[in-house]
Each structure stands twice: as C-alpha cells, then as structure tokens.
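Per full-length UniProt numbering, the very first residue in the sequence shown carries number 15; after that it's consecutive. Shown next, in structure tokens, is the structure this report addresses.
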Amino acid sequence: NPVISRHDYAPPAFLIDTVDLEFDLLADHTITRNRMTIRRNPDAVFTRRLELMGEELELLSASIDGHACASQLTATGLVIDDVPETFELTLVTACKPAENTSLSGLYVSNGNFFTQCEAEGFRKISFFPDRPDVMSVYTVTLRANREAYPVLLSNGNLVETGMLEDGRHFARWEDPFRKPSYLFALVAGKLSCVEETITDASGQRKLLQVWVEAHDLDKTRHALDSLIHSIRWDERRFGLGLDLDRFMIVAVSDFNMGAMENKGLNIFNTKYVLARPETATDADYANIEAVVGHEYFHNWTGNRITCRDWFQLSLKEGLTVFRDQEFSADMAAGEGNSGGAARLRDTGSAHATKRIEDVRMLRQTQFAEDAGPMAHPVRPESYQEINNFYTVTIYEKGGEVVRMYQTLLGREGFRAGMDLYFRRHDGQAVTCDDFRAAMADANQRDLSQFERWYSQAGTPRVAVRGAYDPAARTYELTLTQSYPDNPAIKTAKDPLLIPFTIGLVGPTGTDLPLRLDGEAATSTPVFSRVFELTETRTTLRFVDVPVEPVPSLLRDFSAPVVVEYDYTDAQLAFLLAHDSDPFNRWEAGQRLATRALLAAARAAARGATPTFDAAVVDAYGLVLRDHTLAPAFRELVLTLPSEAYLIEQLDVADPDAIHRARQALRRQLAGALRADWLAVYQANRLLGDYRPTPQDAGCRALKNLALAYLVELDDASEAAALARDQYDVANNMTDRFAALGALVHLGGDEARTALDHFYRMFEKEPLVIDKWFALQAAQPGRPDVPTIGIVRGLFAHQAFTLRNPNRARSLIFSFCAANLAEFHRPDGSGYAFWAEQVIALDAMNPQVAARLARTLERWRKFTPALQQKMRAALEQVNAVVRSKDVREIVEKALA
Ligand code: B3K
Ligand code: ZN
C-alpha cells in the first residue's frame with residue numbers, strides 16, 4: 015500500500031467554485047452528469063494538468079467549455095492536460111449502485127438509493143478532486159422513476175420538482191453553502207417522514223424531517239425530539255443556529271458506521287434513529303440522542319469549518335465528540351427540558367454519570383489502541399487507508415484534548431476561543447493548529463506546549479507520591495510524567511501540559527482547603543484545583559495542612575492519562591465512601607476491584623482458586639445500600655471492570671483466567687450481598703409507563719444489575735423466577751432484554767424457550783433481531799457447548815447475512831470482541847472463525863472487514879500459546895487479503 019504522509023500536504027492545483035450534478039438513477043446503471051466551474055489555484059504550484067480522482071467509474075464523455083476534450087484514465091482517476099486558467103468541465107460517467115457492497119459511494123439498500131462520501135466515496139460517484147480543501151457550491155438534479163423512487167432528496171433547499179416522460183420525475187436541490195465533496199449526499203426511494211416546524215432563536219421557521227421506511231414511522235419521535243433539543247442546546251451553549259431552511263435525517267439499515275453529517279441531509283444507521291419502548295433499550299435511547307446531537311453539531315464544527323486534509327480529522331471529530339458529550343450531560347441533568355427542580359437536584363451526579371461512562375469507554379478502547387500496533391497521535395503522521403483512522407484516538411482522545419482546553423481556560427474562556435474560531439475561519443478548511451491558535455489568542459495564552467497532545471502518541475503516565483510533614487503541617491505531592499514503551503510509537507515523548515485536578519481529603523471525609531507554599535491565604539478557601547503540569551517532574555507543596563490527607567487525584571478525569579499512586583485498600587474504600595468528586599468515588603471502587611481481580615487472575619492462571627478478602631465486598635455493600643446515591647451512579651460503581659480493561663492491565667493476559675477471576679468475584683458479591691441485591695431489585699421496579707429519562711433508566715440499570723448478580727447464585731431458582739416474571743410483564747425492551755439475558759445465563763430449556771419466543775415476537779424488527787444474535791454470541795460457554803458452536807449455528811440461520819453490517823457486527827463482533835474468554839479458547843477455534851470472516855468481508859465490505867481485523871491486533875498481549883495461534887491466523891489473512899483497508903491493519907499487527 016502507498017503511504018500518505020502529513021508532511022506531503024500541498025494545496026490543490028485547481029479550485030472548483032460550482033458543481034452542477036444531474037443523476038439519472040437506475041439501480042444497475044446510474045448516469046451522472048457533472049458540470050464544474052474550475053479555476054487554477056493561485057496559491058498552488060503552477061500546472062496545466064488537471065488530475066481528478068475516480069474509482070469504479072465508466073467515463074462516457076468529457077468536454078471543456080462545451081467541446082469534447084482529450085483525457086486519460088489512470089489507476090486512480092482521470093487526467094486532462096493543457097487546461098485553461100478558468101473553464102467549465104463537463105463529465106458524464108456511469109456507475110453500478112446495485113453491485114456496490116462496500117456501502118461507500120452510491121449504493122442501494124432495500125431498493126432505495128443512498129450515498130456515503132466521507133472520507134473518499136465521492137470519487138465513486140464522479141471524477142473529482144476528492145479532498146476536503148476543495149469547497150464548492152452544489153446544485154443537484156435527481157431524475158428517477160416516480161413509482162419506485164417517489165422521494166428524491168439532496169443537500170440544502172428544494173428549489174424545483176416536476177414530472178418527466180416515461181413515468182419519471184425530478185427534483186432539484188441547491189445548497190447555498192460551499193462544502194467539500196465528502197459532505198455531498200443524495201437519497202432516493204420509498205420513504206416516509208415525520209416533520210415539525212420550529213421557530214429558531216432568531217425567529218425563523220425551520221422544517222425538520224426524519225425520513226424512514228413507512229413501517230418505522232412509529233419509531234421516529236425520539237430522534238425528532240433529540241434533533242430539536244440539539245438545535246436549542248447549540249443556540250444556548252455556543253450561540254450557533256441552524257443555517258438552512260430545512261434539516262433532514264434519513265435512516266438506512268445498511269450502513270458502515272453510526273451516521274453521517276452531510277450538509278442538511280444527515281444519513282443515519284437505523285440503529286441511531288428508530289426507537290419505541292417495546293423495541294429500544296435505555297442505552298439505545300441515549301445513543302440516539304447522542305448521535306443525533308453529534309451529527310447536528312457537525313454542521314458548525316465540520317461543515318461550516320472543515321478540515322484542510324484528513325490528518326486534521328480530529329479537528330472536527332474530537333471537537334464534535336466533546337460537544338455531544340456536553341450536550342448529553344446537560345440533557346441528563348435536565349437542562350434540555352424546562353424540567354422542574356426535581357430534575358435539577360440531580361445535576362452533579364447526572365453529569366458525573368455521563369463522564370464515567372465516557373471515560374470507561376475511553377480507557378477500555380483508546381488506551382488499548384494507544385498501546386498497540388495502530389497507536390497514532392490525535393493528528394496522525396501518516397496513513398495507508400484513511401477509513402482506518404476513524405479511531406477512538408481521533409474521536410475520544412480528540413474529545414478529551416478539546417475538553418482540556420475548557421478545563422484550562424474555563425467555560426467562558428473556551429467559549430471565547432470558539433467564537434474567535436468561527437469569526438476567523440467560517441467557510442474555510444483549516445487545521446488543528448488553527449483551532450489551538452484561536453483558543454490561545456482569545457485568552458491571551460501561550461498554548462504552544464499543548465501542541466504535543468496532537469503530535470505525540472501513547473497514553474501518558476503520571477506517577478504520584480505524597481509526603482506529609484506533621485511538624486511543618488505541609489503535604490508535598492510529586493508528580494512525574496512518562497510514556498510507556500510501545501515499539502509502534504515513533505513520535506516524541508516530551509513533557510505535556512497536563513491539567514491535573516486535585517483535592518485533599520481529610521480524615522472525616524471532607525476536603526481540606528488548598529494553598530500552595532508561597533500563596534497568600536484567601537478569604538474563600540478552594541477545595542478542588544486544576545494544576546498545570548508542564549515539566550517531567552512537578553512538586554506541589556501544600557501548606558497549613560492540619561492532618562495527613564488522602565489525595566484525590568485527576569478529579570473528573572481532567573486529562574487522558576494513567577495515574578499511578580500507591581493507595582492502600584483502606585484509602586480506596588475511604589475515597590469510595592467520601593470523595594466529594596463523584597468521578598473519583600467511582601474511580602476508587604474500580605481501583606479496589608481491579609487490584610483484587612488482577613491478583614485473582616494471576617492466581618487462576620497458576621491453577622489456584624481465586625479468592626477475595628472482605629474489604630472489597632464490604633465497600634461494595636456500603637454503596638449498594640446507600641440510598642442517598644443515585645441508582646445510575648450505584649450501578650456504575652457496582653459494575654466490575656470489564657475483561658477487556660483487565661487484559662490491558664496485565665503484561666501477559668490469560669483471558670480464561672481473567673474471566674474466571676471476574677466470575678468468582680461476581681459470585682462472591684452475589685452471595686455475600688444476596689439480601690441487598692434482592693432489596694435493590696424490588697425497590698427499583700418502576701410501575702407505570704416507560705420513560706427513557708436518565709432517572710428511570712438509572713433505576714432499571716440498577717435493578718437489572720441486581721438481577722444479573724442474583725442469577726450468579728448457586729441456588730438461582732428465586733432469580734430465575736424473577737427473570738421469567740420480568741420477561742413476561744415487561745413493557746419495554748430494557749427490562750425484557752435484561753430478563754432474557756438472565757435466562758440465557760441460566761441456560762437450559764428455559765433459555766431456549768425464551769429465545770424462541772423473543773425471536774418470533776420481533777421477527778419483523780431487524781434491530782431487535784440484531785440484539786438476539788448479539789446476546790447469544792456473547793454468552794458464556796459451557797464445558798460441553800463452547801459458544802463458537804452456537805455462533806456457527808447462528809451463522810447458518812436464515813436471518814443471518816454478512817452483507818448487512820449491523821447483522822454482521824451483532825454476531826461476529828459480539829463474539830470476537832465482547833466474548834473474550836470464548837473467542838480466545840486455547841484450541842484456536844475462535845481465531846479460525848475470525849480469519850474466515852475477515853476474508854469473506856474483505857471481498858465485500860473492506861471497512862467492516864478492517865474493523866473486524868482489528869480485534870486481533872493486541873495479540874502480543876496474550877500467553878505464548880495463544881500468541882502463536884493468533885499470529886498464524888493473522889498470517890493466513892495476510893496471505894490472501896485484497897483491500898488496502900485490511901492489509902494496513904494486518905501488516906501493522908504483524909510488524
Ligand atoms: N463523519 C462520519 C464518519 C465517517 C466515517 C468514514 N469512514 C460520522 C461522524 O463522525 O459523525
Ligand atoms: Zn463525527
């Protein structure tokens with residue numbers, strides 16, 4: 015594969031001011047006429063050679079200013095020599111949407127047309143300088159048979175519609191805003207919509223639509239509400255409004271990722287649109303709100319200001335992730351609704367709940383990525399296939415980097431930086447440096463060191479030591495930054511500017527006032543402070559400290575780093591019970607459990623029975639019984655660190671030992687706290703209609719966690735009865751699916767009966783059938799029935815297809831990525847299955863194949879016996895792989 019390097023960036027030789035596209039849509043042969051007004055770019059190296067990118071296109075004609083012109087097809091596109099300074103180029107091409115299984119470019123799903131252009135899909139639609147720094151004004155005319163394709167949509171505003179001969183019709187759309195080709199979209203087919211007109215903050219009427227297949231109309235309300243909330247939130251929080259007369263969301267069931275922010279015409283995976291209580295879980299409701307928000311927020315952070323090149327991807331993705339996280343947190347805290355005081359009481363903990371969920375996911379996935387062969391900086395130095403770089407580093411670590419500006423500059427300072435960013439760059443394609451400069455200039459701050467967060471890969475460690483001097487009443491914290499070894503990382507390891515929030519907790523559990531040596535005493539004491547670490551080693555000397563404190567470090571996870579501090583179990587139990595920072599309360603519990611689980615896993619790997627001392631159980635028991643804590647928070651604390659997270663904490667991981675250790679602790683917690691679990695289960699049953707509010711969702715989560723613990727008991731008959739009853743009476747998918755999960759965990763005839771019942775009940779709901787596949791693929795194996803047998807059986811099920819990414823993910827990814835003990839069975843059966851599926855997908859849909867390929871990239875983490883089998887599977891794939899997507903992943907893994 016050729017390597018694309020950031021340092022090779024050069025401005026485009028030609029600029030395209032307008033693009034006029036006409037489509038004659040036919041599933042097996044679509045004709046596209048593309049008329050572009052082009053001029054030479056004065057800021058680029060002079061050339062008369064126009065080079066356009068194109069893939070899988072048939073060129074029917076090319077003309078300049080109305081005259082046919084010579085052109086040469088190359089491996090990557092089309093070249094036209096001796097072009098004038100300014101000219102109009104018209105290209106007519108054909109493509110084959112029905113044969114397009116990659117779901118990139120123009121394709122057909124359930125008989126309807128859809129497009130996906132980011133990152134490089136537009137070149138499958140027409141020859142074009144398909145790069146984000148070429149921004150043009152688009153006019154789009156769609157022509158198609160009216161009966162088969164009654165709805166014709168594209169970006170911007172609808173300006174004309176009408177009938178044509180032969181039962182065809184047309185629609186013309188104009189997008190007044192300049193945009194890069196990756197934001198182009200069209201949709202055509204049999205779709206219905208719900209719509210609502212709202213008045214925005216400036217008093218203008220805006221038409222909002224959610225388009226779905228007719229039978230899904232009853233599942234659109236939540237997405238539409240989420241869109242309205244997103245619009246209101248961006249007006250309030252950032253003063254940013256909707257800039258088009260209409261905004262459309264379209265749902266499609268065949269989609270490679272979550273959703274796409276095409277200007278005015280967002281295209282979504284159905285999974286992030288469709289919801290009604292009977293079919294969608296609380297998590298689905300929350301995800302829909304988050305993704306609708308994310309794509310809507312892109313309209314300013316991504317579309318109005320876009321990326322100069324794909325190395326700057328985090329400029330829009332990290333920023334937009336940060337924005338959607340803040341939106342979800344505010345919504346959870348009741349700020350989205352004119353909601354009453356009752357909701358607002360919970361504000362602090364609702365924000366913390368969201369933060370914990372986000373950090374948990376960051377640490378489990380991004381920290382792992384940063385420690386493996388695909389490690390890259392937030393602004394990568396090179397790539398082979400850009401689609402492989404839509405990573406958790408670009409998105410989630412990028413989001414943390416944006417959050418750190420806010421932590422360093424304060425909310426108002428951050429807002430000033432955002433305002434300046436829009437004043438300077440609206441309508442432009444810019445870089446991460448431009449964003450940092452806006453933040454620095456708006457706040458008169460030197461943020462040059464902060465650049466390292468963009469250029470250096472790897473997860474920093476901050477080792478902390480504390481020393482109390484009772485005579486001097488001082489407490490000294492020494493913080494030392496470093497990077498762990500990862501041979502895949504070639505970037506510098508210079509000290510970072512780390513915002514590090516600290517509190518000191520006194521023996522009664524309250525925070526002590528913070529004053530550094532040399533600072534004047536203030537009348538209003540501060541109990542939590544952001545310190546800026548800039549050197550390899552920083553010493554903070556606190557004065558007037560009356561007693562030895564327990565340090566509460568990196569409160570609210572103020573930077574994406576690993577903190578190393580030698581807490582005793584007693585100190586962790588103390589912080590879990592008292593820390594005023596809810597994030598660190600949760601963190602203390604996780605540290606306590608992680609330490610116990612790792613010790614138990616090491617024992618299990620040696621063949622010993624894992625045991626746990628009472629400290630963990632007692633600490634968890636206190637939280638379980640603490641009714642002053644929000645249920646959602648208790649559920650998070652009482653959920654043990656995941657197997658994937660634990661694997662990352664070990665030098666040599668044995669997934670089976672980790673699984674057995676974690677199961678042993680679950681069983682011990684179940685048995686020791688049985689009465690409490692039962693009480694919590696009963697106390698958190700909700701009566702009445704389903705509401706997807708964070709409060710209700712928290713109760714359901716805690717209740718269902720209780721059920722999951724109770725089915726671990728040796729005598730699970732009581733739990734089985736609860737699960738059966740819950741399954742039967744549930745008025746929502748969260749409860750029904752949790753009960754089904756409990757029954758499947760118990761196994762036997764009851765599990766089979768429930769699974770059959772569930773399948774029949776939801777046969778016509780593909781998203782629910784995905785859950786049905788996923789649940790079975792993720793179930794623990796039994797000695798006589800390894801899960802791989804079940805997975806292979808389901809692979810042959812009539813409802814299974816590799817073509818639909820959601821379905822492929824539900825079965826294959828749930829097994830390979832979410833059922834680690836079974837996937838890593840010592841016989842290598844999981845790896846053989848993995849190799850088969852990567853190879854099959856590689857020929858069909860390289861993006862999905864490459865994602866699956868990544869589930870084996872951490873192979874060097876495991877025991878030698880497993881490593882050897884994984885390497886063999888990787889080599890097997892490497893020998894036959896065709897796409898550059900999978901090749902890049904597998905080669906880097908083996909390197
Ligand atoms: N920008 C798209 C992702 C495109 C992925 C291309 N492989 C969705 C999003 O981040 O909002
Ligand atoms: Zn995005």
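Backbone N, C-alpha and C define an ideal beta-carbon position, used for all residues, glycine too. Remember, predicted model here, so these are calculated numbers, not experimental data.
Identity of the residue in the options nearest residue i by Cα
i         : options                   : result
A389      : Q130, L754 and I408       : I408
D447      : F847, A610, L701 and R322 : R322
V564      : V17, D42 and N598         : N598
T425      : F809, R251 and A756       : Per the sequence shown, the amino acid found at residue 425 is Arg instead of Thr. For the residues F809, R251 and A756, the minimum Cα distance to R425 belongs to R251.
Q420      : G762, E340 and L258       : E340
G755      : S118, E726, H81 and I826  : E726
A733      : V758, C713 and G712       : V758
Y163      : E174, V201, D189 and E889 : V201
L866      : L816, R47, V799 and G702  : L816
P98       : L664, P111, C83 and A112  : C83
residue 9 : D570, N15 and L612        : Here the chain covers residues 15 to 909 and nothing more, so residue 9 does not appear.
H592      : P794, G523 and A228       : G523
L636      : A485, G603 and F514       : G603
N718      : A614, G702, A737 and P708 : A737
N169      : D455, N301 and E188       : E188
Y397      : K778, R20 and V904        : R20
V106      : Y121, T88 and G80         : G80
Distance cut-off 7 Å: residue i Cβ against heavy atoms of the ligand B3K
i    : result
A863 : no
N401 : yes
M274 : yes
E132 : yes
M375 : no
Y404 : yes
M271 : yes
For residue j and residue i, believed in contact at Cβ under 8 Å, the rounded distance
i    : j    : result
T295 : F751 : 6 Å
K220 : T211 : 7 Å
R543 : L528 : 5 Å
L205 : V264 : 7 Å
D305 : A273 : The question names Asp, but residue 305 in the sequence shown is Val. Sure, about 5 Å apart at Cβ, within 8 Å.
D57  : N401 : At roughly 29 Å, the Cβ-Cβ gap does not stay under 8 Å, so D57 and N401 are not in contact.
A813 : I853 : Going by Cβ atoms, the distance from A813 to I853 rounds to 23 Å, so no, they are not a contact pair.
Unbroken beta strand (DSSP E) run spanning residue i, endpoints
i    : result
N48  : T44 to R54
Y489 : T488 to S496
L327 : Per DSSP, L327 belongs to no beta strand (DSSP E); it is in the alpha helix (DSSP H), L327 to A346.
F28  : F28 to D38
T88  : Careful: T88 lies outside any beta strand (DSSP E) and carries neither H nor E.
P565 : V564 to L567
E292 : Careful: E292 lies outside any beta strand (DSSP E) and carries neither H nor E.
T129 : N126 to Q130
F541 : Where F541 is concerned, there is no enclosing beta strand (DSSP E), given that its DSSP letter is neither H nor E.
Endpoints, alpha helix (DSSP H) assigned at residue i
i    : result
P190 : From DSSP, P190 is part of no alpha helix (DSSP H) but of the beta strand (DSSP E) over R182 to P194.
R157 : No alpha helix (DSSP H) contains R157, which is instead part of the beta strand (DSSP E) from M149 to N159.
L172 : Run containing L172: none in the alpha helix (DSSP H); it sits in the beta strand (DSSP E), N171 to M177.
W247 : R235 to F252
W314 : Per DSSP, W314 belongs to no alpha helix (DSSP H) and is neither H nor E.
S572 : First-last for S572: undefined, no H or E at that position.
F847 : S843 to D856
C83  : C83 -> no alpha helix (DSSP H), and no H or E assigned at all.
Mind listing which residues have their beta carbon within less than 6 Å of any non-hydrogen atom of the ligand ZN? Chain order is fine.
This criterion selects H308, H312, E331 and T334.
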